[in-house]
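Peer 1: Heads up: the sequence shown begins at 160 in our numbering, then just goes up one per residue. Mind having a look at this structure? Questions to follow.
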Amino acid sequence: MSSTKIAFTSCARYKPNQPQTAWNDIAVADPDYLLLLGDQIYMDFGLWPFASEYQGKPRQYTPEQFAAVMRRKYELQWSEPHFARLVARMRARNGFLGVWDDHDFGWNNAYGNDPTQPADVHLAEKRDIARSLFHEFMACAPQPPEIYGFQDTALARIIFLDNRYHATPLSVENPVLMGPQQMDFLAAHLQHDRQYTLICGGLTLMHSAENWSRYSAEFARFTQMIAGHDRVIYLGGDIHKNAFSAPSADARPPCFEIISSGLCVNYLGLPFEFDCRRNWTLLTLDPKQVLIDQHDKKGITRYRIDQASWVSQSLGRELRAA
Ligand SMILES: [Fe+2]
Numbered sequence: 160m161s162s163t164k165i166a167f168t169s170c171a172r173y174k175p176n177q178p179q180t181a182w183n184d185i186a187v188a189d190p191d192y193l194l195l196l197g198d199q200i201y202m203d204f205g206l207w208p209f210a211s212e213y214q215g216k217p218r219q220y221t222p223e224q225f226a227a228v229m230r231r232k233y234e235l236q237w238s239e240p241h242f243a244r245l246v247a248r249m250r251a252r253n254g255f256l257g258v259w260d261d262h263d264f265g266w267n268n269a270y271g272n273d274p275t276q277p278a279d280v281h282l283a284e285k286r287d288i289a290r291s292l293f294h295e296f297m298a299c300a301p302q303p304p305e306i307y308g309f310q311d312t313a314l315a316r317i318i319f320l321d322n323r324y325h326a327t328p329l330s331v332e333n334p335v336l337m338g339p340q341q342m343d344f345l346a347a348h349l350q351h352d353r354q355y356t357l358i359c360g361g362l363t364l365m366h367s368a369e370n371w372s373r374y375s376a377e378f379a380r381f382t383q384m385i386a387g388h389d390r391v392i393y394l395g396g397d398i399h400k401n402a403f404s405a406p407s408a409d410a411r412p413p414c415f416e417i418i419s420s421g422l423c424v425n426y427l428g429l430p431f432e433f434d435c436r437r438n439w440t441l442l443t444l445d446p447k448q449v450l451i452d453q454h455d456k457k458g459i460t461r462y463r464i465d466q467a468s469w470v471s472q473s474l475g476r477e478l479r480a481a
């Protein structure tokens, strides 16, 4: 059986006059699949009073304004020429898939099931507007109206999780990120005959302040669920960095966790490229191993996971030619 190349990344903030050339880096690798793991658009970014679309501002929009702003952002991103070319190519090979995260769901750290939001935020209407625009533009979800679903490839089952629509904030009683129905879906779909399982989410398992492990009861169920399954890799986005973690004895994380985030964003939101990220990852799966190439603007960091032992090794770092 030949190998399968799966590219994944997250976080692209469209800015006029800033060509998103990093999508070309992915096109050159010629992947079979491209997985976008959230923040395909940014409804908000930066802090009040320094940013015009500061974090949380979309809460104040009427549902009509919210729909118009979100549609416009999708239209701009989807017409960015480097992105549009790659998306067309990946769609032609049925290889364009993904999930969302907070900035393409609503606003920074937004949760679809949040009883702490006042009625004038119109949370329920906005989450459905966001979901329908996700389906219109991403057009990849196997079981709409849900964002979550799965896709089988020759060597791997890829499971997509939605950590927004059903999620609650941590402050409520019995908080959840996925919700019981989605957890049942995950448990059922971990059973399959492919060699590898890739579980994709917008958030990370362990990194940054907002991550799945903080939802301790649900995360314990996840840990228990995958304990009986070999060769599981979790892929996530959100943090505008690349990261690679092997499963640890204390199950933090309980499986390999590979994060790739920040293809076309910069930290400070300044109108030039000096701290742009260009982060993305290429997985090459074959029956004997998974090769992981984590790209950033300065080079590539490589790892290998052996299929038989399910142990990883670092293969070092290669710097980009200046
Ligand atoms: Fe992001």
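For every residue, glycine included, the Cβ atom is placed at its ideal position computed from N, Cα and C.
Does the distance from the CB of D203 to the CB of Q214 come in under 8 Å?
Peer 2: yes
Peer 1: On the criterion of 16 or more Cβ atoms from any shown chain inside 10 Å, does P190 qualify as buried, or is it exposed?
Peer 2: Under this definition P190 is a buried residue.
Peer 1: Starting from V246, trace the alpha helix (DSSP H) both ways and give me its first and last residue.
Peer 2: P240 to A251
Peer 1: How many Å lie between L256 and T327 at the Cα?
Peer 2: 25 Å
Peer 1: Kindly indicate which three-state DSSP category L422 falls into: helix, strand or coil?
Peer 2: coil
Peer 1: Compare the beta carbon distance of L358 and Y307 with 8 Å and say whether it is the shorter of the two.
Peer 2: Here the sequence assigns Ile to residue 358, which means Leu is not the residue at that position. Contact: no.
Peer 1: Let me check you understand the geometry: is the CB of V424 closer than 7 Å to at least one non-hydrogen atom of ligand 1?
Peer 2: yes
Peer 1: Let me have the residue list for ligand 1: C-beta closer than 5 Å to any non-hydrogen atom, ordered along the chain.
Peer 2: C170 and D198
Peer 1: Between which two residues does the alpha helix (DSSP H) containing T275 stretch?
Peer 2: Careful: T275 lies outside any alpha helix (DSSP H) and carries neither H nor E.
Peer 1: Quickly, what does DSSP pair D465 with across the bridge? List them, please.
Peer 2: Q448
Peer 1: What separation, rounded to the nearest whole angstrom, lies between the Cα atoms of Q236 and M249?
Peer 2: 16 Å
Peer 1: If you scan the stretch 168-217 from start to end, which runs of the alpha helix (DSSP H) of 4 or more residues do you find wholly inside it?
Peer 2: 181-188
Peer 1: Measuring CB atoms only, is the stretch 383-401 touching the stretch 168-176, in the sense that at least three cross pairs come out at less than 8 Å?
Peer 2: The stretch 383-401 vs the stretch 168-176: in contact.
Peer 1: Is L345 near R373, with beta carbons less than 8 Å apart?
Peer 2: no
Peer 1: Label W207 either buried or exposed according to how many other C-beta atoms from any shown protein chain fall within 10 Å of its C-beta, with 16 as the threshold for buried.
Peer 2: exposed
Peer 1: If E332 sits next to N268, beta carbons under 8 Å apart, how far is it from one beta carbon to the other, in whole angstroms?
Peer 2: Rounded, the Cβ-Cβ distance is 19 Å, inconsistent with contact.
Peer 1: With a threshold of 8 Å, are at least 3 pairs of Cβ atoms found where one atom belongs to the stretch 278-291 and the other to the stretch 378-391?
Peer 2: Flag = no, the stretch 278-291 and the stretch 378-391 do not touch.
Peer 1: Taking the beta strand (DSSP E) that R476 falls in, what are its first and last residues?
Peer 2: For R476, the enclosing beta strand (DSSP E) starts and ends at S471 to L478.
Peer 1: Write down every uninterrupted run of the beta strand (DSSP E) in the stretch 315-370 whose length is 3 residues or greater and which is fully enclosed by it, in chain order.
Peer 2: 315-319 and 355-359
Peer 1: For H262, count the other beta carbons within 10 Å of its own beta carbon; 16 or more makes it buried, fewer makes it exposed. Which is it?
Peer 2: buried
Peer 1: Can you give me the C-alpha to C-alpha distance between T440 and L245, rounded to a whole angstrom?
Peer 2: Whole-angstrom Cα-Cα distance: 15 Å.
Peer 1: Around the C-beta of F209, are 16 or more other C-beta atoms found within 10 angstroms, so that it is buried, or is it exposed?
Peer 2: exposed
Peer 1: Please check the pair M337 and L320, which I expect to be a contact at CB under 8 Å, by giving their CB distance rounded to whole angstroms.
Peer 2: Rounded to whole angstroms, the Cβ separation of M337 and L320 is 6 Å, and the two are in contact under 8 Å.
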